[in-house]
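Chains as they are written, first to last, in the numbering used here: chain A, 1 to 110; chain B, 1001 to 1117. Think of the CB as a built atom: it goes at the ideal place given N, C-alpha and C, for glycine as much as any other residue. Small disclaimer: the values here were computed from a predicted structure and weren't measured. Reviewing the structure listed below.
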């Protein structure tokens, strides 16, 4: 089993709809990062959350770190075609390692 | 700044061939790493380096070698390619070493898509 479980694996919605994707684990983390990856490109960092219960907003994207620091969610309001991509969560571990989830592949149709 | 650059962008190999994937960064980052990305499995760490002359294994190191002779370059060598190494390979760099609780940004290259026949 993977350290980070992301759901859903695939999501296809119409422009203007709202959506939430999840990153869950049974482990506790000191911080968690969200990346977006577009086709043919490398991942790009969107946000880092550090404190349990923390909420960060980036324009129409809202990121929340769970109170117990085991999970996180990403909510997109009024999705646009430009939001299309693979959303990855990742955690830095003590042994110089970064672990990634498998990602949620989002398609926003015009 | 060019950021993190990778060459080649695409490569096809036959089983048993060897090759080197190139990675360079111009941000003076100490930490560099190689990942492979396979469908349904996310990115998995192959090898990493915390500075020139220092390398270590990640989660999936078998079949790969690395070296770090300069701060800027971190090549990944496939010694004898196998079909199981068909994947997309990403190089990344960051100013700080990833640590639990860390918030530093990792910058990724555009990737090399490798197919082994």
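- How would you list, in chain order, the residues of chain B whose beta-carbon sits under 9 Å from the beta-carbon of residue 54/A? Sequence index remark: in the first chain, residue 54/A carries index 54 (1-based). Correct list: empty, because the minimum Cβ distance to chain B is about 12 Å.
- Message: I need the straight-line Cα distance from residue 1049/B to residue 1022/B, nearest angstrom please.
- Response: Along the second chain, read from residue 1 onward, the residue named residue 1049/B stands at position 49. Along the second chain, read from residue 1 onward, the residue named residue 1022/B stands at position 22. Each residue's Cα considered, the two are about 15 Å apart.
- Note down, in chain order, all residues in the region 1040–1071 of chain B with a beta-carbon under 8 Å from any beta-carbon belonging to chain A. 1040, 1041, 1042, 1043, 1044, 1045, 1048, 1050, 1056, 1058 and 1059
- Is the distance from the Cβ of residue 81/A to the Cβ of residue 43/A below 8 Å? In the first chain, residue 81/A corresponds to position 81, counting from 1. In the first chain, residue 43/A corresponds to position 43, counting from 1. Contact: no.
- Interfacial residues, the region 17–40 of chain A to chain B, with Cβ spacing under 9 Å: 29, 30, 31, 33, 35, 37 and 40
- Using 10 angstroms around the beta-carbon of residue 1026/B, count the other beta-carbons present and answer buried if the total reaches 16, otherwise exposed. For the purposes of this step, residue 1026/B is taken as residue 26 along the second chain, with counting starting at 1. Exposed, because fewer than 16 other Cβ atoms sit within 10 Å of the Cβ of residue 1026/B.
- Message: Give me, in chain order, the residues of the same chain whose beta-carbon lies closer than 7 Å to that of residue 65/A; leave out the 5 immediate sequence neighbours on both sides.
- Response: By 1-based counting over the first chain, the position of residue 65/A is 65. Counting only Cβ-Cβ distances below 7 Å, and skipping sequence neighbours, we find 32, 49, 51, 52, 53, 54 and 72.
- Message: Within the continuous beta strand (DSSP E) that includes residue 1038/B, where are the two ends?
- Response: As a position in the second chain, residue 1038/B is number 38, starting the count at 1. Its beta strand (DSSP E) spans residues 1031–1038.
- Query: Listed in chain order, which residues of the region 67–92 of chain A have Cβ atoms closer than 7 Å to some Cβ of chain B?
  - Reply: 88 and 92
- Counting only beta-carbon atoms, is residue 1025/B nearer than 8 Å to chain A? In the second chain, the residue the question calls residue 1025/B occupies position 25. So no, residue 1025/B is outside the interface.
- Round the Cβ separation of residue 1043/B and residue 1090/B to the nearest angstrom and send it over; I've been treating them as touching at under 8 Å. The sequence position of residue 1043/B within the second chain is 43, counting from 1. The sequence position of residue 1090/B within the second chain is 90, counting from 1. About 7 Å separates the two Cβ atoms, so the contact holds.
- Query: Does the beta carbon of residue 1105/B sit closer than 8 Å to a beta carbon anywhere in chain A?
  - Reply: Numbered from 1 along the second chain, position 105 holds the residue referred to as residue 1105/B. At least one chain A Cβ lies under 8 Å of residue 1105/B.
- Query: Beta-carbon separation of residue 85/A and residue 4/A under 8 Å?
  - Reply: In the first chain, counting from the first residue as 1, residue 85/A sits at position 85. In the first chain, counting from the first residue as 1, residue 4/A sits at position 4. Cβ atoms of residue 85/A and residue 4/A: not closer than 8 Å.
- If you run the structure through DSSP and keep just helix, strand and coil, what is residue 83/A? For this step, residue 83/A is matched to residue 83 along the first chain. Residue 83/A falls in the helix class under three-state DSSP.
- Is the CB of residue 1010/B under 8 Å away from at least one CB in chain A? Translated into positions along the second chain, residue 1010/B becomes position 10. Output row for residue 1010/B: interface = no.
- Message: I want to see whether chain B comes within less than 8 Å of residue 107/A, judged by CB atoms only; does it?
- Response: As a working mapping, residue 107/A is identified with position 107 in the first chain. No, no contact with chain B.
- Task: On a CA-only basis, which of 1064/B, 1006/B, 1106/B and 1012/B is nearest residue 47/A? Give me that one, please.
- Result: As a first step, residue 47/A is located in the first chain; it is residue number 47 there, counting from the start. Minimum Cα distance to residue 47/A is reached at 1106/B.
- Between residue 1069/B and the rest of its own chain, which residues show a CB-CB distance below 8 Å, the 5 nearest in sequence each way excluded? Residue numbering aside, residue 1069/B sits at position 69 when the second chain is read from its first letter. For residue 1069/B, where only same-chain residues beyond five positions count, the Cβ hits under 8 Å are 1052 and 1053.
- Task: Kindly list, in the order they appear in chain A, the residues whose Cβ is closer than 8 Å to that of residue 1098/B.
- Result: One-based indexing of the second chain puts residue 1098/B at position 98. Those within 8 Å of residue 1098/B in chain A are 92, 93, 96, 97 and 98.
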